[in-house]
Amino acid sequence: MSINFSRGRYAPTNPCSIPLCKLDKNTAVFPNLFTQSTPDKCPQAYIAREERVYAIGDIHGRQDLLEAMLAKISDDIARFSDDRRPRVVFLGDYIDRGDDSRAVLQTLSGIFHIADRLKSETNLQIDFLVGNHEVALLEFLKNPITSSAWLDWGGLQTLASFGVSPTTANAGARDFQRVRDQLAEKLEPYMGFLEGLPRTVVSGKVVFVHASLDPACSLDAQPDEATLWGTPPSGRAMGMPGMRMVHGHFAASKPVSRPNRICVDTGAYYSGCLTAIRLDESEAFLSVTSADLSPISGLRQSGGGSAFTV
Numbered sequence: 060m061s062i063n064f065s066r067g068r069y070a071p072t073n074p075c076s077i078p079l080c081k082l083d084k085n086t087a088v089f090p091n092l093f094t095q096s097t098p099d100k101c102p103q104a105y106i107a108r109e110e111r112v113y114a115i116g117d118i119h120g121r122q123d124l125l126e127a128m129l130a131k132i133s134d135d136i137a138r139f140s141d142d143r144r145p146r147v148v149f150l151g152d153y154i155d156r157g158d159d160s161r162a163v164l165q166t167l168s169g170i171f172h173i174a175d176r177l178k179s180e181t182n183l184q185i186d187f188l189v190g191n192h193e194v195a196l197l198e199f200l201k202n203p204i205t206s207s208a209w210l211d212w213g214g215l216q217t218l219a220s221f222g223v224s225p226t227t228a229n230a231g232a233r234d235f236q237r238v239r240d241q242l243a244e245k246l247e248p249y250m251g252f253l254e255g256l257p258r259t260v261v262s263g264k265v266v267f268v269h270a271s272l273d274p275a276c277s278l279d280a281q282p283d284e285a286t287l288w289g290t291p292p293s294g295r296a297m298g299m300p301g302m303r304m305v306h307g308h309f310a311a312s313k314p315v316s317r318p319n320r321i322c323v324d325t326g327a328y329y330s331g332c333l334t335a336i337r338l339d340e341s342e343a344f345l346s347v348t349s350a351d352l353s354p355i356s357g358l359r360q361s362g363g364g365s366a367f368t369v
């Protein structure tokens, strides 16, 4: 499916211009997306009995926080001695807005390319989902003129991280093509990672997705409006009957946990806080903040090696 990002119903010209409203004292979300029904009354849904799943929210170019979170999850995995298999799910929106999208892609694509070895040698399963910002980038590479709105959604910061001279959304066609060509060359090592990322993964009765699900559609026929943008075409409240949804996309000051959904996007690029959740027979949020970062970055932790290396 090809999306024209310059106009249409998939996203506003400036997504950040949509007014926020308070859903409760802890959460600011886009209006009307969580308030059209009362899906919180659905039964509690659980992760697969054999798994312990960590889901990481929107990273948005914060390599420093990503490194700290990987170290924290590595330490957390090492604490357990039961037979649950560790699984890590990245919920998308790895790039844009923050200052170091290139380093984030380098880290994640490196893990992506050794994921099979990690699973066979350490039993750690890793899943990467696509977010709307990755799709916007790929659309820009296909047609930089019709998809130039990506530049205003954090694409300029991504260009800077790759050393590509910026342009503006009202630049001429020749300049858009220059930017596209330079960026495509820089992105070549990461295209194997970026292309073909799934929209959803499932563990037990829990669905992981970047933004939302449309209950009017089956899980294998979810529209991009829902999974990437959080605007289900049916207009019904987000979620899937009988299942719990874990998602990002909707930044809030604190993570949200409800019987039908969990949101772990805490606006890392502006708040300095990256959040994940651990799900097994219970749930626990894990967070890292700019204040937690040590002068020495990397994937070190107190226990020694990282779970994300072989």
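The letter at position 1 of the sequence shown is residue 60 when you use the numbering used here, and the numbering goes up by one with no holes.
Idealized CB from N, CA, C, for every residue including glycine.
Which of helix, strand or coil does DSSP assign to Thr348?
As a working mapping, residue 348 is identified with position 289 in the sequence shown. Looking at Thr348 - three-state DSSP - the assignment turns out to be strand.
If we count the other Cβ atoms within 10 Å of its Cβ and call it buried at 16 or more, is Ile179 buried or exposed?
Counting from one through the sequence shown, the residue named residue 179 turns up at place 120. Per the sequence presented here, residue 179 reads as Ser, with Ile not at that position. Classification for Ser179: exposed.
Taking just the CA atoms, how far does Leu338 sit from Tyr113?
The count along the sequence shown starts at 1 and reaches residue 113 at position 54. The count along the sequence shown starts at 1 and reaches residue 338 at position 279. Going from the Cα of Tyr113 to the Cα of Leu338 covers about 6 Å.
Look up Ile136 in the DSSP assignment and say whether it is helix, strand or coil.
Here the question's residue 136 lines up with position 77 in the sequence shown. Three-state DSSP puts Ile136 in a helix.
Does the region 118-127 touch the region 157-167, meaning 3 or more C-beta pairs lie closer than 8 Å?
yes
Hey, His306 and Val347: beta-carbon distance below 9 Å or not?
Position 247 of the sequence shown, counted from the first residue, corresponds to residue 306. Position 288 of the sequence shown, counted from the first residue, corresponds to residue 347. Contact: no.
Could you give the residue range of the alpha helix (DSSP H) that holds Phe252?
Within the sequence shown, the letter at position 193 stands for residue 252. That run of the alpha helix (DSSP H) goes Met250 to Leu253.
Tell me whether Thr368 sits in a helix, a strand or coil according to DSSP, three-state version.
Translated into the one-based positions of the sequence shown, residue 368 becomes position 309. Three-state result, Thr368: coil.
Buried or exposed (CB count within 10 angstroms, at least 16 for buried), Met304:
Indexing the sequence shown from 1 puts residue 304 at position 245. Per the 10 Å Cβ criterion, buried.
Which runs of the beta strand (DSSP E) fall wholly inside the region 164-232 and span at least 3 residues, in chain order?
184-187
Tell me, to the nearest whole angstrom, how far the beta carbon of Gly214 is from that of Phe235; I am working on the premise that it is less than 8 Å.
For the purposes of this step, residue 214 is taken as the residue at position 155 of the sequence shown. For the purposes of this step, residue 235 is taken as the residue at position 176 of the sequence shown. Actually they are not in contact, since the Cβ atoms of Gly214 and Phe235 sit about 11 Å apart, beyond 8 Å.
Taking the Cβ atom as the reference point for each residue, do Val163 and Asp283 lie within a distance shorter than 9 Å?
On the sequence shown, residue 163 is found 104 positions in, with the first residue counted as 1. On the sequence shown, residue 283 is found 224 positions in, with the first residue counted as 1. No.
Chain C within 9 Å of Arg161, Cβ atoms only
In the displayed structure, chain C is absent; only one protein chain is listed.
Between Ala350 and Cys276, what straight-line distance do the alpha-carbon atoms span, to the nearest angstrom?
As a working mapping, residue 350 is identified with position 291 in the sequence shown. As a working mapping, residue 276 is identified with position 217 in the sequence shown. Approximately 42 Å, taken between the alpha carbons.
Who are the near neighbours of Ala243 in its chain, counting only those whose CB is closer than 6 Å to its CB and skipping five residues on each side?
As a working note, residue 243 is residue 184 in the sequence shown. Cβ neighbours of Ala243 beyond the five flanking positions: Leu200.
Should the region 214-226 be regarded as contacting the region 147-157, the criterion being three or more beta carbon pairs within less than 8 Å?
yes
How close, in whole Å, do the beta carbons of Phe309 and Asp324 come, if the pair is a contact with beta carbons under 8 Å?
As a working mapping, residue 309 is identified with position 250 in the sequence shown. As a working mapping, residue 324 is identified with position 265 in the sequence shown. Going by Cβ atoms, the distance from Phe309 to Asp324 rounds to 6 Å, so yes, they are a contact pair.
How about Leu188 and Thr259: are their beta carbons less than 9 Å apart?
In the sequence shown, the residue the question calls residue 188 occupies position 129. In the sequence shown, the residue the question calls residue 259 occupies position 200. Yes, they are a contact pair.
Below 9 Å between beta carbons: does that hold for Arg262 and Glu110?
For the purposes of this step, residue 262 is identified with residue 203 of the sequence shown, where counting begins at 1. For the purposes of this step, residue 110 is identified with residue 51 of the sequence shown, where counting begins at 1. At residue 262 the sequence reads Ser, which differs from the Arg that was named. Yes, they are a contact pair.
Judging by CA-CA distance, which residue of Lys245, Val148, Pro292 and Leu129 is the nearest neighbour of Ser365?
Here the question's residue 365 lines up with position 306 in the sequence shown. Comparing Cα positions, the closest option is Leu129.
Roughly how many whole angstroms lie between the Cα atoms of Leu256 and Asp141?
Translated into positions along the sequence shown, residue 256 becomes position 197. Translated into positions along the sequence shown, residue 141 becomes position 82. About 30 Å.
From this set, Gly116, Gly331 and Gly294, which residue's C-alpha is nearest Gly190's C-alpha?
Residue 190 sits at position 131 when you count from the first residue of the sequence shown. The shortest C-alpha separation from Gly190 is found at Gly116.
Among all the DSSP beta bridges, which residues are the ones paired with Pro145?
As a working mapping, residue 145 is identified with position 86 in the sequence shown. The partner list for Pro145 (beta bridge, DSSP) reads Arg111.
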